[in-house]
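Asker: Going by UniProt numbering, the first residue of the sequence shown is number 1, and it counts up by one from there.
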Amino acid sequence: MSMSGVVVVGSINADLVVRVHRHPHPGETLMGSGGNITPGGKGANQAVAAALQGAEVTMIGAVGSDAYAGPSTELLHSAGVNMTGVATTATTTGLAVITVSKDGENSIIVVPGANATVDESYVRTHADTLVGADILLLQGEIPASGFAAATELCGGRLVVNLAPVIEVPREALLKADPIMANEHEAGLILEQLGITPESGEPQVLAQSLLDAGFASVVLTLGAHGALVGTPAELVEIPTPKIEAVDTTGAGDAFAGAFVAKLLEGEDMIAAAQHAARVGAYAATGHGAQASYPDTTAQLPEVRG
Ligand code: RIB
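1) Within its chain, find whatever has a CB closer than 6 Å to the CB of residue 164; leave out the 5 residues flanking it on each side and keep chain order.
2) What's the C-alpha gap between residue 187 and residue 34?
3) Determine the DSSP secondary structure at residue 93, reduced to helix, strand or coil.
4) Give the single residue among 28, 78, 69 whose Cα lies nearest to the Cα of residue 51.
5) State the beta-bridge partners of residue 99 as determined by DSSP.
6) Which one or two residues does DSSP pair with residue 60 in a beta bridge?
7) Does DSSP put residue 303 in a helix, a strand or coil?
8) Quick one: using the 10 Å Cβ neighbour count with 16 as the cut-off for buried, is residue 31 buried or exposed?
9) Does DSSP put residue 293 in a helix, in a strand, or in coil?
10) Any heavy atom of the ligand RIB closer than 8 Å to the CB of residue 11?
11) With a threshold of 8 Å, establish whether the CB of residue 185 neighbours any heavy atom of the ligand RIB.
12) What residue from 258, 40, 229, 215 has the CA that sits closest to residue 206's CA?
13) How is residue 37 classed by DSSP in three states: helix, strand or coil?
14) Pull up the CB-CB distance for residue 240 and residue 219, whole angstroms please, since I reckon it's below 8 Å.
15) Are the stretch 33-49 and the stretch 73-92 in contact at 8 Å, needing three or more beta carbon pairs?
16) Rounded to whole angstroms, what is the Cα-Cα separation between residue 269 and residue 235?
17) Taking the Cβ atom as the reference point for each residue, do residue 210 and residue 238 lie within a distance shorter than 9 Å?
18) Any heavy atom of the ligand RIB inside 8 Å of the beta-carbon of residue 93?
19) Can you check which of these residues, 155, 117, 98, 29, is closest to residue 7 by C-alpha distance?
20) Count the other CB atoms, across all protein chains shown, that sit within 10 Å of the CB of residue 109; report buried if there are 16 or more and exposed otherwise.
21) Note down, in chain order, each residue of its chain lying with its Cβ closer than 8 Å to the Cβ of residue 2, except the 5 sequence neighbours on either side.
22) Just to confirm, is the Cβ distance from residue 246 to residue 304 under 9 Å?
23) State yes or no: is the C-beta of residue 18 within less than 9 Å of the C-beta of residue 146?
Have a look at this one:
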């Protein structure tokens, strides 16, 4: 069987993005601007980011038969992602309602729509692609049954960015090499595994994930970079200092760029160093996929 590069089994969303001065309090109404639909979904974002960084990428997912299906897949197509595993269903396309505040921070509500059909039976119809994957990249925006089936069929390296943190079978999750999470997600993953870390310090969280049985971990720390951990060492990965405009999908840019470098044969440290620069670049532009660099872009440098 020929191997098929990076395979992403994940979500495809239409992002409805609204800019606000600050995030509203519960019960409060604020005036905003924007209201555009842009392509998003953690699965699609990571697929696009990996493809723009030169990886061969296949997407397995679903959209609806509505007006959002086209805009949500536009950049997947133009980035050259293989879309033969993307179904058009009778339901609506996944929708993310995103507010972005002046400092670039976002809050997101996702309505799954067609992403809810990416379950075990759908994933099993793509068994050949999954068996032939060099790297399988998963997130947490599809049903747990689809997630588990994909890990079972995976013929290559499994990279998991469990965002958002959904309840998945323990044995399926522990196959991740690495598990990729931010500090908040790492805490929830440990909770799901029945582990209480001694503190919320990044080093402690990373070590607790390794102690839980993960072969490796990438803990993303936003403006503070990342920590790459294996049983042998924990390595700090710096990130360039940038003026953040919109952090939406910056973590997805990191994940996609990271697997693109793994596919090229780089080790996790080199892959994370590159991914940090790609993630920082993404935070300097508006939207998720629309802000991702290709291989010709001038990435920000880590200084000092
Ligand atoms: O990580 C950012 C993404 O989260 C957005 O594109 C939105 O669709 C949600 O899935």
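Glycine residues also receive a C-beta, built at the ideal position from the N, C-alpha and C atoms. All values reported here derive from a predicted model rather than from experimental measurement.
Answerer: From the atom records:
1) As a working note, residue 164 is residue 164 in the sequence shown. The answer, listed in chain order, is 140.
2) As a first step, residue 187 is located in the sequence shown; it is residue number 187 there, counting from the start. As a first step, residue 34 is located in the sequence shown; it is residue number 34 there, counting from the start. For residue 187 and residue 34, the distance between alpha carbons rounds to 34 Å.
3) Residue 93 sits at position 93 when you count from the first residue of the sequence shown. Coil, per DSSP.
4) As a position in the sequence shown, residue 51 is number 51, starting the count at 1. The residue with the shortest Cα to Cα distance from residue 51 is 78.
5) Position 99 of the sequence shown holds residue 99. Looking at the DSSP assignment, residue 99 forms a beta bridge with 18, 107.
6) The residue given as residue 60 occupies position 60 in the sequence shown. Answer is 9, 85, bridged to residue 60.
7) Looking up residue 303 in the sequence shown gives position 303. Three-state DSSP puts residue 303 in coil, outside helix and strand.
8) Counting from 1 along the sequence shown, the entry for residue 31 is found at position 31. Residue 31 is exposed by the Cβ-count criterion.
9) As a working note, residue 293 is residue 293 in the sequence shown. Residue 293 falls in the coil class under three-state DSSP.
10) Translated into positions along the sequence shown, residue 11 becomes position 11. Yes; taking the cut-off as 8 Å, the Cβ of residue 11 has a heavy atom of the ligand RIB nearer than that.
11) Counted from its first residue, the sequence shown places residue 185 at position 185. No; taking the cut-off as 8 Å, the Cβ of residue 185 has no heavy atom of the ligand RIB nearer than that.
12) Numbered from its first residue, the sequence shown carries residue 206 at position 206. Closest by alpha carbon: 229.
13) Taking the first residue of the sequence shown as 1, we reach residue 37 at position 37. It is a strand residue.
14) Here residue 240 is taken as the residue at index 240 of the sequence shown, counted from 1. Here residue 219 is taken as the residue at index 219 of the sequence shown, counted from 1. Taking C-beta atoms under 8 Å as the contact rule, residue 240 and residue 219 fail to qualify, at a distance of about 18 Å.
15) Short answer: they touch.
16) Counting from 1 along the sequence shown, the entry for residue 269 is found at position 269. Counting from 1 along the sequence shown, the entry for residue 235 is found at position 235. Distance between the alpha carbons of residue 269 and residue 235 is about 8 Å.
17) By one-based count along the sequence shown, residue 210 stands at place 210. By one-based count along the sequence shown, residue 238 stands at place 238. Against a cut-off of 9 Å, the Cβ pair of residue 238 and residue 210 comes out as no contact.
18) As a first step, residue 93 is located in the sequence shown; it is residue number 93 there, counting from the start. No.
19) Here the question's residue 7 lines up with position 7 in the sequence shown. Residue 155 holds the alpha-carbon nearest to the alpha-carbon of residue 7 among 155, 117, 98, 29.
20) Sequence index remark: in the sequence shown, residue 109 carries index 109 (1-based). Classification for residue 109: exposed.
21) Taking the sequence shown and counting its residues from 1, the one referred to as residue 2 is at position 2. Note that residue 2 has pLDDT 49, beneath the 50 cutoff, so the model's placement of it is unreliable and the number below is only indicative. Closer than 8 Å at the Cβ level, and outside the excluded window around residue 2, lie 132.
22) Your numbering for residue 246 matches position 246 in the sequence shown. Your numbering for residue 304 matches position 304 in the sequence shown. Not in contact: residue 246 and residue 304 (Cβ atoms no closer than 9 Å).
23) If you number the sequence shown from 1, residue 18 lands on position 18. If you number the sequence shown from 1, residue 146 lands on position 146. For residue 18 and residue 146, no; Cβs fall outside 9 Å.
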